[in-house]
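2 protein chains.
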Amino acid sequence: MKNKKEIFAGIIIIGNEILSGRTQDTNTSTLSIWLNSLGIKVQEVRTIPDIEKTIINTVNELRKKYDYIFTTGGIGPTHDDITASSISKAFNLSYGPHKEAMGILEKYYKPGEFNEGRQKMAYMPTEANLILNPTSGAPGFNVENVFCLPGVPSILKSMLGEITNKLIGGDPILSHTINLRTVESEIASSLSDVQKDNKEVEIGSYPFFRAGKLGVAIVLRCSKKNKIDKCNLEILQFVKEKNIEIVERD
Amino acid sequence: MKNKKEIFAGIIIIGNEILSGRTQDTNTSTLSIWLNSLGIKVQEVRTIPDIEKTIINTVNELRKKYDYIFTTGGIGPTHDDITASSISKAFNLSYGPHKEAMGILEKYYKPGEFNEGRQKMAYMPTEANLILNPTSGAPGFNVENVFCLPGVPSILKSMLGEITNKLIGGDPILSHTINLRTVESEIASSLSDVQKDNKEVEIGSYPFFRAGKLGVAIVLRCSKKNKIDKCNLEILQFVKEKNIEIVERD
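One line per chain: the protein sequences are R and W, in this order.
Sequential numbering from -15 applies to the first sequence in this note's numbering.
Sequential numbering from -15 applies to the second sequence in this note's numbering.
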């Protein structure tokens, strides 16, 4: 059941280079951490190829399902950059040179350098809102609840600040981690009991290997600090009873 | 249109820790590179939370859409590990202790250490085929075209060898990369012409920043070497005409 104060987002990673394994996606975690800090929970990520029909269908399915959608990739100047035209089709909007974007890029490049390829970066739904790009000029854009960002991680990061004020977040999701020198199977049953007693807290259990030693990170997530505190105390209690060591981990 | 020799896969990454941004997924690229080498093309990745209904629906949607599905995560001993029970429901199969898996784990642990949490790792569709785990005992499993693997990257990697023989691949997808000291907008138009002339080759263009310098990696992908060679020659020709430097990059 959706809590009134819960705001959900979906992420669409567009690009054959991620699906082929050539490029490791890092934009998902950048976007998720940023959205979390605004009280927006990422509920689904889809990584899809540069195929127009797939982009249109995925955007149209997810934009109805979640409060906000973020796409990454496919807004550059080359033939495989088809996000802007696909989004235009998804929304049934005219695709063409965006006046404001053309103006920005004309100023950004030296006279004579604003060639055909660069002009393509100003082609998008003509009525879209721009997302300014302080790194490399070419803006992203926003139509309704869909925000289209570039795939290059450093450029994407530099554009998030401007979007922050456009989003309405929910209660920020707080998180607390307890790192234990144990293995999951030693604590599974006790942890399950704590979860049953603390339904509002999402308790995750993640094994780790570090410096040749096994451990488990218990992650508590909830928008209410008092609920996390209660859950934390219950975990610390069974940890003490079982004589499990608590370890530091950065 | 699907070529007879094209085999497609989908990947389902299961886990709140990826969606929260806490953990950076690396299994997608591991699986994609391995599948590529077998001539299997990853066509879609979905990252979804540890929610039973979402897992069931996603598995049932994608297993009909692609030749193979790989899931990662959610097969450990704790309460948030619900992949095995969800897959049982997706296939309408009975969920319970898997005889062979119980035998493996009984041998793996010292007498008296095969506790309730560890036994849970042998719970899965009782008729599933096991995927042996040379790293940490607890096996993954396979039902029809769905292969369920753990989320811990090192353990996942160690289990791929065994699956290789179970998969029927297509023609391996070859790839060739040309790294240029240029920016995308300088080559966009020429590259687009080459793409039009070489429809069977997937040409990707990926800007990079390295040691303070800009560059573009052109990636050619196709199952036929002669098609890649032809496409490569056409690119090298316009690169020469434009006086663009070719750079080495590891």
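Yeah, the Cβ is synthetic: ideal placement off N, Cα and C, and Gly gets one too.
- Fully contained in the segment 56 to 104 of chain R are the following alpha helix (DSSP H) runs of length 4 or more, in chain order: 67 to 74, 83 to 92 and 100 to 104.
- Annotation: the continuous beta strand (DSSP E) that includes isoleucine -3 of chain W extends over -9 to -2.
- For tyrosine 107 of chain R, DSSP records a beta bridge to R/Pro81.
- For glycine 145 of chain R, the secondary structure class from DSSP, reduced to helix, strand or coil, is helix.
- If you draw a straight line from the Cα of proline 156 of chain W to the Cα of arginine 205 of chain W, it is about 10 Å long.
- Among the residues facing chain R, glycine 60 of chain W is included, as its CB has a counterpart in that chain under 7 Å away.
- If you draw a straight line from the Cα of glutamate 1 of chain R to the Cα of leucine 22 of chain W, it is about 17 Å long.
- By the criterion of a C-beta distance shorter than 7 Å, leucine 3 of chain R is surrounded in its chain by Thr31 and Pro33, once the five residues flanking it on both sides are discounted.
- For isoleucine 187 of chain R, the chain W residues whose Cβ falls inside 9 Å of its Cβ are Thr62, His63 and Asp64, in order along the chain.
- With fewer than 16 neighbouring CB atoms inside 10 Å of its own CB, lysine 94 of chain R falls in the exposed class.
- For threonine 31 of chain R, the nearest CB of chain W lies under 7 Å from its own CB, placing it at the interface with that chain.
- By the Cβ neighbour-count rule, glycine 199 of chain W is buried, with 16 or more other Cβ atoms within 10 Å of its own.
- Segment contact: the segment 55 to 66 of chain W against the segment 167 to 181 of chain R, three or more CB-CB distances shorter than 8 Å; contact assigned.
- Secondary structure note for threonine 161 of chain W: its beta strand (DSSP E) is the uninterrupted segment 158 to 165.
- At a C-beta separation below 9 Å, glutamate 90 of chain W has no neighbours in chain R, since its nearest C-beta there lies roughly 14 Å away.
- By the beta-carbon neighbour count (other beta carbons within 10 angstroms, threshold 16), leucine 175 of chain R is buried.
- Counting C-beta pairs with one atom in each stretch, the segment 72 to 89 of chain W and the segment 109 to 124 of chain W have three or more that are closer than 8 Å, which means they touch.
- Chain W places no beta carbon closer than 7 Å to that of valine 43 of chain R, leaving this residue out of the contacts.
- In this structure, the alpha-carbon of glycine -6 of chain W lies about 24 Å from that of valine 136 of chain R.
- Taking the beta carbon of proline 118 of chain W as reference, no residue of chain R falls within 9 Å; the closest one sits roughly 15 Å away.
- Nearest to isoleucine 219 of chain W by C-alpha distance, out of W/Asn76, W/Thr56, W/His160 and W/Leu116, is W/His160.
- Secondary structure at leucine 133 of chain R: strand, using DSSP grouped into helix, strand and coil.
- Rounded to the nearest whole angstrom, the C-alpha separation of glutamate 97 of chain W and isoleucine 152 of chain W is 39 Å.
- Residue ranges of uninterrupted alpha helix (DSSP H) with 4 or more members, entirely inside the segment 168 to 229 of chain W and ordered along the chain, are 168 to 181 and 209 to 225.
- By DSSP's assignment, threonine 31 of chain R forms a beta bridge with R/Ile(-3) and W/Val29.
- For serine 69 of chain W, none of the residues of chain R pass the 8 Å Cβ criterion, the least Cβ distance being about 13 Å.
- Residue burial is scored here from C-beta neighbours: leucine 217 of chain W has fewer than 16 other C-beta atoms within 10 angstroms and is therefore classed as exposed.
- Per the Cβ contact rule, the segment 5 to 21 of chain R is in contact with the segment 4 to 13 of chain W (3 or more Cβ pairs under 8 Å).
- Excluding five sequence positions before and after threonine 67 of chain R, the CB atoms of its chain that fall closer than 7 Å to its own CB belong to Ile(-2), Ile39, Thr55, Gly57, Gly58, Ile59 and Cys132, given in chain order.
- Of all residues in the segment 6 to 30 of chain W, only Arg6, Thr7, Gln8, Asp9, Thr10, Thr12, Ser13, Thr14, Leu15, Ser16, Ile17, Trp18, Leu19, Asn20, Lys25, Val26, Gln27, Glu28, Val29 and Arg30 come within less than 9 Å of chain R when Cβ atoms are compared, listed by chain position.
- Annotated three-state conformation of valine 43 of chain W is helix, per DSSP.
- In this structure, DSSP gives isoleucine 152 of chain W a state outside helix and strand, which the three-state scheme calls coil.
- Taking the beta carbon of glutamine 179 of chain R as reference, the chain W residues within 7 Å of it are His63, listed in sequence order.
- Annotated three-state conformation of leucine 22 of chain R is coil, per DSSP.
- Shown in chain order are the members of the segment 98 to 125 of chain W whose Cβ falls below 8 Å from a Cβ of chain R: Asn99, Glu100, Gly101, Arg102, Lys104 and Met105.
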